[in-house]
Amino acid sequence: QRLFEALKQNRAIGLVILDPLTGFYGEVDVNDNKKVRPMLEKIGSMCMKLKDVAVACIIHENKQKDANTIDKMLGAGAVSQVVRAGLRFSFDPERKPNGRIMASVKITAGKKGGGMKFHLVGKDLVSTKGLPLEGIVAIAWDEIHGMDADEVMAGATVESEAGDTKLGMAVKIYETELAEGRRFHKDIHPILDKLGISDETKRRAR
93 QRLFEALKQN RAIGLVILDP LTGFYGEVDV NDNKKVRPML EKIGSMCMKL KDVAVACIIH
153 ENKQKDANTI DKMLGAGAVS QVVRAGLRFS FDPERKPNGR IMASVKITAG KKGGGMKFHL
213 VGKDLVSTKG LPLEGIVAIA WDEIHGMDAD EVMAGATVES EAGDTKLGMA VKIYETELAE
273 GRRFHKDIHP ILDKLGISDE TKRRAR
């Protein structure tokens, strides 16, 4: 309510960032859906009333393995249910160490999936008071991609687990054999079969 009143009095404000979102729950258990959801719904209601104010919430991931991106959001599931659009930011395994990927987790109005790749650069800037600022981290946008956040996360998992394992061998074979475009399964699977690569490993490598 205090935030709502402050925004009504300062109509020049167009963006509110809650970082991290869970830091604004007070004493409420972050995993308690029944208590978290009403708070998030009030934020949504506030946006609808003000119309020209957007709220961006930053939330970290839990350490669950084999979970999709929504289930990896730290805290109550109400977060994914109430927000209208969600983006996941992660490292780009193909562009270490400064490459990053922004990918869609959820969007209620628009095309599902997709995002942009970007990398971090250092820039020398001047502050509003004229002071020199050296090596300030800035974003340099790269190409658009068509993956959703789950696909990006799955790719990163395979990258980290692959190495010299059969999964890694299968990934390299697919990369080599499909370098010039799509091909039939019957042309590629015999190569994998000779190496004793299972159907499950083929699926993960694809």
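Position 135, counted from 1, in the sequence shown is what the numbering used here calls 227; the numbers after and before it change by one each time, with no gaps. Positions of the beta carbon are idealized from the N, C-alpha and C atoms, including for glycine. Values in this document were obtained by computation on a predicted structure and should not be read as measured data.
A distance of 7 Å or more separates the beta carbons of Val218 and Ala230. Annotated three-state conformation of Arg192 is strand, per DSSP. Cβ neighbours of Leu110 within its own chain (closer than 6 Å, five residues either side excluded): Phe116, Cys149. Of the other Cβ atoms in all chains shown, 16 or more fall within 10 Å of the Cβ of Met194; this residue is therefore buried. Taken through DSSP and simplified to helix, strand or coil, Ile109 comes out as strand. For Val145, same chain residues with a beta-carbon under 8 Å away, outside a window of 5 residues either side, are Leu99, Ile105, Gly106, Leu107, Val108, Met138, Cys139 in chain order. In the DSSP assignment, Pro224 falls outside any alpha helix (DSSP H) and within the unbroken beta strand (DSSP E) covering 224–237.
A distance below 7 Å between beta-carbons, with the five flanking residues on each side excluded, links Trp233 to the following residues of its chain, in chain order: Met208, Phe210.
Minimum Cα-Cα distance from Met245 among the listed residues Ile236, Lys264, Arg296, Lys143 corresponds to Arg296. According to the DSSP assignment, His211 belongs to the beta strand (DSSP E) that extends over 207–218. For Gly178, the secondary structure class from DSSP, reduced to helix, strand or coil, is strand. Under DSSP, Val147 shares a beta bridge with Val108. Beyond the five residues adjoining it in sequence on each side, Val120 comes within less than 6 Å, by CB distance, of Lys127 in the same chain, given in chain order. Boundaries for His152: no alpha helix (DSSP H) harbours it, and the DSSP string shows neither H nor E there. In the DSSP assignment, Met140 falls within the alpha helix (DSSP H) that extends over 125–142. Ile199 has Ala177 as its beta-bridge partners, per DSSP. Looking at Gly136, Leu113, Gly247, Lys286, the one whose alpha-carbon comes closest to that of Pro185 is Gly247. Counting only the Cα atoms, Leu179 lies some 5 Å from Ser196.
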